[in-house]
Amino acid sequence: MSVNGSGPAISTMSGVMRQKQPETYVLRLKAVAGDLNIKQLKRIARVARRYAKGEVHLSTRQGIEIHHIHRDNLEIALKELREAGVELGASGTRVRVIVACPGEQVCKWGVFDTKRIAGTLDSNYFNRETPSKFKMAVAGCSHNCTKANENDIGIRGAIEPAWKAQDCCDCRLCIKKCPVSSIGRLETEDGGYRYETDRDTCINCSVCTMHCPGEAWYVARKGHNLFIGGTMGKIPRFATPLKKMVESEKELFLLIEESMAVYRKYARNRERFGHMIDRIGIEKVKEEILAVTLVKVKKRTAEDARLDRKIPESAVESG
Ligand code: SF4
Ligand code: SF4
Ligand code: SF4
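The numbers in the numbering used here rise by one with no breaks, and the one at position 162 of the sequence shown is 163.
Set out below in structure tokens:
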């Protein structure tokens, strides 16, 4: 069976899974960052009513699955879904649908536009073959609602706080609120005081900048904290920090590209990224990813500068 009589059999496609009941399948649907519009939802409901049991299942990764579709109805069900812009998700040894929280568009804690980053990851990587399943999650801040650290690639919005003396009333609230006890109060030689954060232990979470009554803590820089090698499943592993406060998206995407290249280079068949990291050593993995990325960032920056120089001013002015 195939769509329009050509291409792979639907029952073997990524996103289509055989159930325990004979001749019965699950359709796993794609919802990048968990988003679907009303037209898509209505069509999913129609397909579930016509070809399944009139209900859907919400997966742990923001997806919708329609269960109990008979093999004979797979083709028509998929055709009707696609007419409304609903595509299949992924299964097997591939990059899965990208998970993301609402981010700065909606949430007061959001540091960056998670949906846009998820969209780019989707365009670049969705359904690409990998040595084992490969999951990515984007969280707009260190509250980490999408559990970025349980994914092969996890991105968390990050801020770097800075302190200014003139706005501080010495209430010590920030010391109480910092979730990792990263803030300290130091006596100064002139009999005064200053507040400091330990950059190594700070998790870039915005709690100090959000709660400081006088805005003495302020956001000095915004960026992304990038984690690699997280997984749940049979052998859970928390992701390892790869780099903190990555400010440019160009660097962020190069780091992700290189992380995947290193995974492909060293992973055994069906070995998860994190387990590969533990086998060959995090230092080696980090060194390789960071060194190659640094060279590429420098090269691209030089190329961009060269291109900028080539654009005549008249062209810029005329738009
Ligand atoms: S991770 Fe942060 S930005 Fe995203 S929903 Fe949670 S609190 Fe909001
Ligand atoms: S919370 Fe703000 S005002 Fe209070 S001690 Fe900390 S920096 Fe100063
Ligand atoms: S950003 Fe978060 S972890 Fe860092 S100093 Fe402020 S409250 Fe503490």
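All C-beta atoms in this analysis are idealised placements derived from N, C-alpha and C, irrespective of residue type, glycine included.
Point to revise | Alpha-carbon spacing of residue 31 relative to residue 18, whole angstroms | key: 14 Å
Review point. Since residue 18 is in the beta strand (DSSP E), which residue starts that stretch and which ends it?
Key: 17 to 19
**Study point:** Touch test, the segment 170 to 184 against the segment 196 to 210, Cβ-Cβ under 8 Å, three pairs minimum
**Key:** yes
Review point. Going by beta carbon distance, what residues of the same chain come within less than 6 Å of residue 289, once the five residues before and after it are set aside?
Key: 263
Check your understanding: By the 10 Å Cβ neighbour count, where 16 or more other Cβ atoms means buried, how is residue 61 classified, buried or exposed?
Key -> exposed
Practice item. Would you be able to state if there are at least three C-beta pairs under 8 Å between the segment 164 to 178 and the segment 201 to 220? Key: yes
Review point. Around the C-beta of residue 52, are 16 or more other C-beta atoms found within 10 angstroms, so that it is buried, or is it exposed?
Key: buried
Exercise for review: Look at the alpha carbon of residue 106 and the alpha carbon of residue 233, and state the distance between them as a whole number of angstroms.
Suggested key: 29 Å
Check your understanding: Would you report the Cα separation of residue 66 and residue 26, rounded to the nearest angstrom?
Key -> 10 Å
Check your understanding: Say the cut is 7 Å; is the CB of residue 214 nearer than that to a heavy atom of ligand 1?
Key -> no
Review point. Bridge partners of residue 110, per DSSP?
Key: DSSP lists no partner for residue 110.
Check your understanding: Where do the ends of the beta strand (DSSP E) carrying residue 187 lie?
Key -> 184 to 188
Review point. Are residue 228 and residue 241 touching if we call contact CB-CB under 8 Å?
Key: yes
Check your understanding: Helix, strand or coil: how does DSSP classify residue 145 here?
Key -> coil
Point to revise | Whole-number beta carbon distance between residue 135 and residue 87, since they are thought to touch under 8 Å | key: Not quite, the Cβ-Cβ distance comes to about 23 Å (not below 8 Å), so this is no contact.
Exercise for review: Flag this pair as touching only if the segment 125 to 144 and the segment 161 to 172 have three or more C-beta atom pairs under 8 Å; answer yes or no.
Suggested key: no
Practice item. Count the other C-beta atoms from every protein chain shown that fall within 10 angstroms of the C-beta of residue 22, then say buried if there are 16 or more, exposed otherwise. Key: exposed
Practice item. Can you have a look at residue 20 and say buried or exposed, based on whether 16 or more other CB atoms are within 10 angstroms of its CB? Key: exposed
Check your understanding: residue 219 to residue 163, Cα distance in whole Å?
Key -> 6 Å
Check your understanding: residue 207 and residue 146: beta carbons closer than 8 Å?
Key -> no
Exercise for review: Could you check the C-alpha separation between residue 278 and residue 224 for me, to the nearest Å?
Suggested key: 25 Å
Point to revise | Contacting residues, own chain, Cβ-Cβ under 8 Å from residue 12 (five flanking each side not counted) | key: 2, 19, 26, 72 and 75
Review point. Got a sec: does ligand 5 put a non-hydrogen atom nearer than 7 Å to the Cβ of residue 102?
Key: Looking at this structure, you won't find ligand 5 anywhere; what it does contain is ligand 1, ligand 2 and ligand 3.
Review point. Residue 28 by DSSP, collapsed to three states: which one?
Key: strand
Point to revise | Which listed residue (56, 268 and 190) has its alpha carbon closest to that of residue 133 | key: 268
Exercise for review: Tell whether a beta-carbon distance below 8 Å holds between residue 34 and residue 101.
Suggested key: yes
Review point. When burial is assigned at 16 or more other CB atoms within 10 Å of the CB, is residue 7 buried or exposed?
Key: Its pLDDT being 48, under 50, residue 7 is placed unreliably in this model, and the value from its coordinates should be taken loosely. Flag for residue 7 reads exposed.
Point to revise | Beta-carbon contacts of residue 41 that lie in its chain and below 7 Å, excluding the five residues immediately before and after | key: 85, 86 and 87
Check your understanding: Thinking C-alpha only, which one of 300, 273, 68 and 166 is nearest residue 239?
Key -> 273
Review point. How many Å lie between residue 168 and residue 195 at the Cα?
Key: 11 Å
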